[in-house]
Amino acid sequence: MAETQKVFTPIEDGDLAEVERLVRRDKGLVEVRRTQSGKEGQTPLQVAAMGGSLDIVRFLIEKGAEVYALAAWTYPAVEHAHWAKQSDVVDFFLGDVADKALGTNGLGIEINLAARNGWAEIVAKHIERDPLSVHRRRVLGDTPLHWSAHNGDAAIVRMLLEAGADAEADDTVLYGGKPLHWASEHEPETVRVLLDHGADPNSRNVLPGDFEGFTPLIMCASQQNDCAECAEALLHAGADPSAKDAKGRTALDVATEGGHGRVEAAIRAHVGA
């Protein structure tokens with residue numbers, strides 16, 4: 024094991040004394056990136072945050088660790104702590120050192136992740152401090168609206184739309200889907216909110232690949248969630264059941280191929296088949 028990688032073992036063990044000893048010998052360890060297979064790109068701060076070692080988190084930041092470094096998988100330490108259900112660590116990032124989290128409007132986390140996590144109060148503060156933050160993009164080219172729509176958070180979706188978020192914004196990396204595509208996978212409430220705010224039920228995924236040409240209805244038909252409520256909302260709003268994807272398949276074709284009987288039945292009932 025390379026010398027620079029040895030710091031991660033005591034961090035995972037929660038051994039503050041050993042972490043302090045190693046960092047005293049080499050201050051650069053606070054920003055080293057992990058090379059272990061499957062954990063590439065992790066920072067010491069991220070590992071400490073995931074493990075709930077608040078004392079080590081504090082120490083690393085005191086010694087110069089970047090609070091909002093986009094570590095493994097392009098997510099900051101606060102998000103990894105959230106996923107690991109380390110609430111004390113999350114509270115520390117969102118409170119004590121929020122002003123040190125660059126690019127977060129002094130709130131400790133960017134608006135996209137706050138929306139993804141369902142943190143409506145932080146989303147509202149972002150909008151208050153920077154109204155254009157509703158258009159911010161992350162690694163998938165997704166806006167705050169994409170994940171909140173996908174996760175069924177109708178209150179945040181409404182908040183973002185009322186603040187000027189674009190209901191027709193495409194993600195620019197994943198498959199070119201709009202927030203309605205993301206919601207149509209399994210969230211009928213946010214499907215309805217988006218449609219009520221003018222989202223196009225016949226919009227298309229724009230990027231080449233397996234989802235090319237998908238309408239929200241075809242996206243719904245492709246999902247194992249088999250959400251008939253989403254299909255019904257889309258059809259009621261004018262989704263065209265005869266629309267075809269880039270492979271020439273309709274939503275009914277896709278639902279039938281996938282064995283998604285509830286969506287298939289909803290489409291058949293609508294078209295009288």
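For the sequence shown, my numbering puts the final residue at 296, and the numbers step up evenly by one. Backbone N, C-alpha and C define an ideal beta-carbon position, used for all residues, glycine too.
For residue i, which residues of its own chain have a beta-carbon under 6 Å away from its beta-carbon, when the five flanking residues on both sides are left out?
| i | result |
| --- | --- |
| HIS220 | LEU184, ALA190 |
| LEU240 | LEU257, ALA262, ALA274 |
| ASP111 | LEU77 |
| THR213 | ALA172, GLY175, ALA177, VAL180, ALA206 |
| ASP249 | HIS283, ARG285, VAL286 |
| VAL196 | LEU163, GLY164 |
| GLU151 | none |
| GLY37 | SER76 |
First and last residue of the alpha helix (DSSP H) that includes residue i?
| i | result |
| --- | --- |
| ASP111 | 110 to 117 |
| GLU212 | 211 to 219 |
| ALA177 | 177 to 185 |
| PRO99 | Note, PRO99: premise wrong, no alpha helix (DSSP H); not H, not E. |
| ARG44 | 39 to 48 |
| PHE31 | 31 to 36 |
| ALA292 | 284 to 294 |
| ASN135 | 134 to 140 |
Consult DSSP for residue i and reduce its assignment to one of helix, strand or coil.
| i | result |
| --- | --- |
| PHE82 | helix |
| LEU93 | coil |
| CYS250 | coil |
| ASN225 | coil |
| SER76 | coil |
| SER60 | coil |
| TRP205 | helix |
| LEU163 | coil |
| PRO154 | helix |
| LEU197 | coil |
| PRO239 | helix |
| VAL55 | coil |
| PRO231 | coil |
| ALA143 | helix |
| GLN28 | helix |
| VAL120 | coil |
| LEU68 | helix |
| LEU168 | helix |
| ASP190 | The sequence given here places Ala at residue 190; Asp does not occur at that position. Here ALA190 sits in coil by DSSP. |
| ALA244 | helix |
| ALA337 | Nothing can be reported for residue 337, as the shown portion of the chain is limited to 24 through 296. |
Which same chain residues end up closer than 8 Å to residue i when comparing Cβ atoms and leaving out the 5 residues on each side of it in sequence?
| i | result |
| --- | --- |
| LEU52 | THR27, VAL30, LEU45, VAL46, PRO67 |
| THR306 | For the chain, the structure presents residues 24 to 296; residue 306 sits outside this window and is missing. |
| LYS148 | ASN128, LEU130 |
| ALA266 | ASN225, THR238, LEU240, ILE241, THR273, ALA274 |
| ARG159 | GLU133, ILE134, ASN135, THR166, PRO167 |
| LEU117 | VAL101, LEU130, GLY131, ILE132, ILE145 |
Excluding sequence positions up to five away, which residues of its chain have a Cβ less than 7 Å from the Cβ of residue i?
| i | result |
| --- | --- |
| ASP194 | LEU163, GLY164, ASP165, HIS169, GLY200 |
| LEU39 | ASP78, ILE79, PHE82 |
| GLU255 | ALA289 |
| GLU35 | VAL70, GLY74 |
| GLU235 | ASN228, ASP268, ALA269 |
| LEU136 | GLU102 |
| HIS105 | VAL113, ASN140 |
| ALA186 | ILE150, PRO154, VAL157 |
May I ask whether a heavy atom of the ligand GDP can be found less than 6 Å away from the beta carbon of residue i?
| i | result |
| --- | --- |
| PHE234 | This structure lacks the ligand GDP; in fact it carries no ligand of any kind. |
Does residue i come within less than 7 Å of chain D when only Cβ atoms are used?
| i | result |
| --- | --- |
| GLU63 | Absent from the structure is chain D; it holds one protein chain and no more. |
message: Please give the ranges of any beta strand (DSSP E) in the region 248 to 282, keeping only runs that are unbroken, at least 3 residues long and fully inside the region.
response: Counting whole runs of 3 or more residues, the region 248 to 282 contains no beta strand (DSSP E) stretch at all.
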